[in-house]
Every structure is written in structure tokens, then in C-alpha cells.
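Below is one structure, written out as C-alpha cells, with a few remarks after it.
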Amino acid sequence: MEIFPSADWQALMLSARVASVATLVALPFGFIAACSLHFGRFRSKPFLEGLINLPLVLPPVVVGYLLLLLLGENGLGPTLEQLGLSLLFTWQAAVLAAMVVGFPLLVRSIRIGLEGIDPQLLTAGSSLGAGRFDLLINVVLPLTRRSLLAGSSLMFARSLGEFGATIMIAGNIPGLTRTIPLAIYDYSGMPGGESAALWLCLASILLSLSVLIISERLAHVQKREIPA
Amino acid sequence: MSLYVSVEKRFDSFAINTEFSSESCRLGLFGPSGSGKSTLFGMLAGMQKPDRGTIQLGERLLFSSSCKTCVPAQKRRIGLVFQQGLLFPHLNVQENLLFGYKRLPKTERLIDPDRVIDVLALAPLLNRRAPQLSGGERQRVALGRALLCNPQLLLLDEPLSALDEQLKGQIIPFLKTVQDEFAMPFLLISHSLDELRLLTDEVLLLEKGEMIGKSHPEEIARRSLSSMTGYINLIEVNSASQENGFWSFPWGEQRLALADHAGKIGTTYQLSSKDILLCREHPQAISARNLLHCSVNKLFRYQGQVGVELDCGNGKKLVSQIVEQAADELDLQIGSQLYALFKASAFRKVC
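As you go down the protein sequences, you meet chains E and V in turn.
The letter at position 66 of the first sequence is residue 66 when you use my numbering, and the numbering goes up by one with no holes.
Each number in my numbering corresponds to the 1-based position in the second sequence with 1000 added.
This is the structure we're talking about:
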């Protein structure tokens, strides 16, 4: 435990928790957004597409600053407070930051899966009496399992590395909102912190790598079940 | 079954404007590619909306621009079978078969899945996944899946065109059995005259988005005299016996000789009208194993070719195709007595 003090352990666990929760919460929204963009025919589609992809091209600090404005005193802050929700500078804020930044990656992956579905297959489904929602749940969802998995692991990995937006809205509170990247940042500015920073780097590599390996394995199993 | 369709739809470079009605339960739709067959299929199935018109199937109005009616695809009760089968790849054969059946109200589940599995010989495939099936097996499952929805009409869009000749031959008997067993009205879209002749008794002719006529598939086949293959006779063999190195089977009051036969009951063979020679007198010492005594029943001419319909007795008819000069030399008249000659190897198996 000497090389891995409890504060770092907390950072590691917090990062894993933030990335998992962000991915799980974003997943259904990501599926809905990808389906709307793929199947939907509405006028504001280019606008929605741009909005979803914006965090991909904006610096994360800008995303964090905009979120800070949105959730701050002049934004939704007072309303949220009335509801008993105080989001800023909590671990949930780190989840929100990770969700916003990772969301476009998730949606992109799911869309690739949706593009692989033969539209005639859905026609066949309709002719067999399945309505739109029925088709979405019983045909589209199972056929996009692989891309859901790929998108989730990408988003999880991106969430683990999230720094800019997190520090803006969640701060860097040890034990509460200090995730691995924030801890590494602290150590890098601290005399003699190199080895601790390196150990955290290693831990974060292991965590990301194991998620990628698990997702690859699962994708492989599904590929055997549903060949392209 | 009665089907009335009067639809109009415009695209940038193509327009379809067609009207037809049919009472036939074995209806075909024939047309070259680009004639609008797929568009019509889409409109009947409810995937494409006509700009104007009416579609009525039996008592039900499926589409009417004047009444602002458009029954959605999932409520049309039209079973679709596509060119590639389009089975759900994440489900096994049994789940694919029951996909539509499970979505039917219990009172409308009139077709027994076990009977469909039996008729289409699907029992050994039930636990296999769709991607593990061959093209022919996939089409059989697709057919069963559409049937189990108990549709008012089966709409088959070139169901055999993705299959090779041998597989086609395996599927056609299943389609025939489905027609006989379930008495399900169907509309077969195809560009193969042979398929339409084997499976339908009325064919709608579509060209450049317009319906140019409605006729018996046999009539259309007779117009193919000037084509490369010419008119093709279709002959069904029900019982054959092997003798002297070839197969012999009864055909009307006479017997025909066949070089090679798979031995299955109900096998259909093609015999090109161009392979049948005609003689006025009984020929002597010939190599051809088939020699039929017959009389001329009908003569039809098309672009320099003469089709001679021969009555071979007991209602059995053959068409021979000859050039006009030969017809003149033979002095062919209705009722002329002739001998028709063809080789035992002239037969080609269809199904």
C-alpha cells in the first residue's frame, strides 16, 4: 500500500465509478439519439447532429465552462437547488462532464451499427405485423448490440481520461471529485511526485486496457452469433 | 381474391401510372427491370405511398387518396417474400418463423406452425440461425414466415432470382405445394417466364411504369418465338421406368424417352420448341428416341417464325417452332397429320 496510498486508490475507484455511471446513463440516450439521426426525417436534423457532435470539436475546457454557466447562479442552479439538487463540485458533476464529452463518440459508434442494418429487413418486420417501437426493440436493438458495446467501451475510455470539463464543473477535491487525470496533474506539479504519477498512469492504462479487452471478447462472441 | 389497383407516382426520372384488377388467386407480374415492378411492390406492401389512386384487396380498402386512407404496412395483412429472403440474422429459424405469428391476435392464428414446418420440410433447420442457411433454405423459411401471418395475399418479389438453377428447381415444388395446401392467393413478381408459367395462371404485363396488358402466361410464352431460346414446352414426369439405358414415361396415349431422370415424382422438364422436328411421313431408321404421331391444332406466326401447336392425343400438347419456308413446304393446315421427332437428351430439368 506504500506505493498506492489511499488517496490514489480513491481517485482510481472514483474514476471507474464516474466512467461506468456516465456510460450506463448515456447509453439509452445515445441509442435514441442515434436512431433519431439515422431514421428520423425532420427539419432540425442538421442542427441536432451539430449539437451532439459539438463537444467533439470544442476544447473540453470550453464545454466545462459552458456547463458551469448553465448550472451556475445565473443558469439552472437556483432551480436545481429548489429541487434539492446541488450538482456543481460533486462527483455527479464529473459524471455529467464525462457524459457530455463522451456522448458524440457513443452516438457515432451506434450509428455505424445502424447503417449496417438492411432497411428491407425492417420492411419485412413491418409486413409481419411489427410496429415501429416493436421493430426498434426486437430487431434494431439486437442487431446493434456490437456497436452499442463498441460505443460504450469508447465512451468509458474517454470518460476515464476526461480532465478539462471535469475540473471546471466538479473541481479537484481529493476523495470527492479528484479522478485519476486530476490526481496525475497534481502529482506532476509536486516535487517528488513523479513515481506516484507514473503508478497512476499505469493503473489507468490497465483499467482502460481491460475494458477494451473485455469489450473485444464480447464483440467476438456476438460476431459468432450474428455474422455480418 | 379480388385486387384492384389504380395508382400514380412520380419520381425525378420515372413515373408509374397503372390500373388493373384481377380475381386470380395465382397472379403474376411480368416486366423487364426498370419497368416499375419494385415500385408497385412497395406501394402494395405499404412501404411507398402513391401520389394518387386506390388499392383495394378483397373487401378492404388499403389506400385511397380521395378518402385519405392509407393502411400502414404492419396492418395490411400482405405477406412479403423478398429476393434475398431477409430473415432476421439474430434469430433462429423457429423464432423467424413465429415472428409474425406471435404478433397476430389469437383468433386470427389460423395456420398451424407444425403444418407449415411439415409442408416446407423445415423441421431439421429449426434451431439453426439464419446466416447458417443456404439460399434455398432461407427462401423456404421466408415463405413459411410470411404464411404464418395468415395474410390475405402473399406478395413474392422475385423469390427465385437470387438462386441458381438447381436451387430454383428445389423451391418451385414448395411454392406449388403451398398453393395447393393453403389455398393462399398470391402475386408473383418475376422476370422469368418459366416461373410464371409454372406458378401462375394470369400475368400482368408492366412496361415503363404502365400496365400494357393482362394475359395467360402461355400466351406470353408464345410471343417468345423470335427470342434466342424460342418457346419452351414444359413437361411434367410423374412415373418413369428405366429401359435400354434411358427412361421412359407415359405422356397421354404415347410414351416419351428421357436420357436422364432424377426419379422424383412431379419433375418438370423443359423441351425447346426448336428441338422438335416435324415430318409429314413416318420416318425410317432414325437416331431420335421420341417419335410422336400428332395433328396440327393451331398455327401462330411471329416475326418470320411459325409456332405449330401439336395435339398429341389425350389433351397433351406440344409446340414446335419452324421457319415459314418449312411451314409452306409441309403445307401445314389445322388438322394436318404429322410426326414429331426429338432426342431423348433434348429435355432439361426445371424442377
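No residue lacks a Cβ here, since even glycine has one placed at the ideal position from N, Cα and C.
Predicted model only: the values in this text are computed from it and were never measured.
Heavy atom of the ligand FAD within 6 Å of residue i beta-carbon
{"i": "residue 166 of chain E", "result": "Because no ligand of any kind appears in the structure shown, any question about the ligand FAD cannot be addressed here."}
Counterpart residues of residue i in DSSP-defined beta bridges
{"i": "residue 1157 of chain V", "result": "V:1189"}
{"i": "residue 1348 of chain V", "result": "V:1270"}
{"i": "residue 1293 of chain V", "result": "V:1339"}
{"i": "residue 1015 of chain V", "result": "V:1010"}
{"i": "residue 1255 of chain V", "result": "V:1250"}
{"i": "residue 1322 of chain V", "result": "V:1306"}
{"i": "residue 211 of chain E", "result": "Residue 211 of chain E is not bridged to any residue."}
{"i": "residue 1020 of chain V", "result": "V:1005"}
{"i": "residue 1243 of chain V", "result": "V:1246"}
{"i": "residue 1362 of chain V", "result": "The question about residue 1362 of chain V has no answer here: the residues shown for chain V are numbered 1001 through 1351."}
C-beta contact flag for residue i and residue j at 7 Å
{"i": "residue 1074 of chain V", "j": "residue 164 of chain E", "result": "no"}
{"i": "residue 146 of chain E", "j": "residue 26 of chain E", "result": "no"}
{"i": "residue 208 of chain E", "j": "residue 157 of chain E", "result": "yes"}
{"i": "residue 1200 of chain V", "j": "residue 1217 of chain V", "result": "yes"}
{"i": "residue 1212 of chain V", "j": "residue 1041 of chain V", "result": "no"}
{"i": "residue 1036 of chain V", "j": "residue 1006 of chain V", "result": "no"}
{"i": "residue 1089 of chain V", "j": "residue 1131 of chain V", "result": "yes"}
{"i": "residue 203 of chain E", "j": "residue 187 of chain E", "result": "no"}
{"i": "residue 107 of chain E", "j": "residue 30 of chain E", "result": "yes"}
{"i": "residue 1148 of chain V", "j": "residue 1137 of chain V", "result": "no"}
{"i": "residue 15 of chain E", "j": "residue 180 of chain E", "result": "yes"}
{"i": "residue 1096 of chain V", "j": "residue 1087 of chain V", "result": "yes"}
{"i": "residue 23 of chain E", "j": "residue 109 of chain E", "result": "no"}
{"i": "residue 1307 of chain V", "j": "residue 1325 of chain V", "result": "no"}
{"i": "residue 1276 of chain V", "j": "residue 1340 of chain V", "result": "yes"}
{"i": "residue 97 of chain E", "j": "residue 166 of chain E", "result": "yes"}
{"i": "residue 1207 of chain V", "j": "residue 1031 of chain V", "result": "yes"}
{"i": "residue 1292 of chain V", "j": "residue 1312 of chain V", "result": "yes"}
{"i": "residue 1345 of chain V", "j": "residue 1259 of chain V", "result": "yes"}
Outcome for residue i when other beta-carbon atoms lying within 10 angstroms are tallied against a minimum of 16
{"i": "residue 1 of chain E", "result": "Because the pLDDT at residue 1 of chain E is just 45, under 50, the model does not fix this residue reliably, and the point stays unresolved."}
{"i": "residue 8 of chain E", "result": "buried"}
{"i": "residue 1253 of chain V", "result": "exposed"}
{"i": "residue 223 of chain E", "result": "exposed"}
{"i": "residue 1347 of chain V", "result": "buried"}
{"i": "residue 1203 of chain V", "result": "buried"}
{"i": "residue 1012 of chain V", "result": "exposed"}
{"i": "residue 51 of chain E", "result": "exposed"}
{"i": "residue 1072 of chain V", "result": "exposed"}
{"i": "residue 1323 of chain V", "result": "exposed"}
{"i": "residue 47 of chain E", "result": "exposed"}
{"i": "residue 1108 of chain V", "result": "exposed"}
{"i": "residue 28 of chain E", "result": "exposed"}
{"i": "residue 99 of chain E", "result": "buried"}
{"i": "residue 1082 of chain V", "result": "buried"}
{"i": "residue 194 of chain E", "result": "exposed"}
Residues within the segment 109 to 130 of chain E neighbouring chain V, beta-carbon criterion of under 8 Å: Within the segment 109 to 130 of chain E, the qualifying residues are 118, 120, 121, 123, 124, 125, 126, 127, 128, 129 and 130.
Runs of alpha helix (DSSP H) lying entirely within the segment 1054 to 1141 of chain V, each at least 4 residues, in chain order: Segments of the alpha helix (DSSP H) lying fully in the segment 1054 to 1141 of chain V: 1093 to 1101 and 1113 to 1119.
Residues in the segment 1054 to 1082 of chain V having any Cβ partner in chain E nearer than 7 Å: Identification of residues in the segment 1054 to 1082 of chain V having a C-beta nearer than 7 Å to some C-beta of chain E yields 1073, 1074, 1078, 1079, 1080 and 1082, given in sequence order.
Residues from the segment 1022 to 1047 of chain V in contact with chain E, defined by Cβ distance under 9 Å: Per Cβ criterion, the list reads 1042, 1045, 1046 and 1047.
Within 7 Å of chain V by C-beta, residues of the segment 130 to 150 of chain E in sequence order: Contact annotation: in the segment 130 to 150 of chain E, residues whose CB is within less than 7 Å of a CB in chain V are 130, 131, 139, 142 and 143.
Positions along the segment 1090 to 1108 of chain V whose CB lies within less than 7 Å of some CB in chain E: Residues passing the 7 Å Cβ filter: 1090, 1099, 1100, 1103 and 1104.
Complete runs of the alpha helix (DSSP H) confined to the segment 11 to 79 of chain E [at least 4 residues]: Under the rule that a run must span 4 or more residues, the alpha helix (DSSP H) segments found entirely inside the segment 11 to 79 of chain E read 45 to 57 and 60 to 71.
Contact list for the segment 1209 to 1228 of chain V against chain E, Cβ threshold 8 Å: Residues of the segment 1209 to 1228 of chain V with a C-beta atom less than 8 Å from some C-beta of chain E do not occur.
Within 7 Å of chain E by C-beta, residues of the segment 1182 to 1193 of chain V in sequence order: Sequence-ordered contacts of the segment 1182 to 1193 of chain V with chain E are nonexistent [C-beta pairs closer than 7 Å].
Where the segment 1121 to 1137 of chain V meets chain E: residues whose CB sits under 8 Å from a CB there: Answer set for the segment 1121 to 1137 of chain V: 1129 and 1131.
Runs of alpha helix (DSSP H) wholly within the segment 121 to 163 of chain E (minimum 4 residues, chain order): Entirely contained in the segment 121 to 163 of chain E, the alpha helix (DSSP H) runs reaching 4 residues are, in chain order, 132 to 135 and 145 to 160.
Near-chain E residues of the segment 1266 to 1290 of chain V - C-beta to any C-beta below 7 Å: Taking 7 Å as the Cβ-Cβ cut-off against chain E, none of the residues of the segment 1266 to 1290 of chain V qualify.
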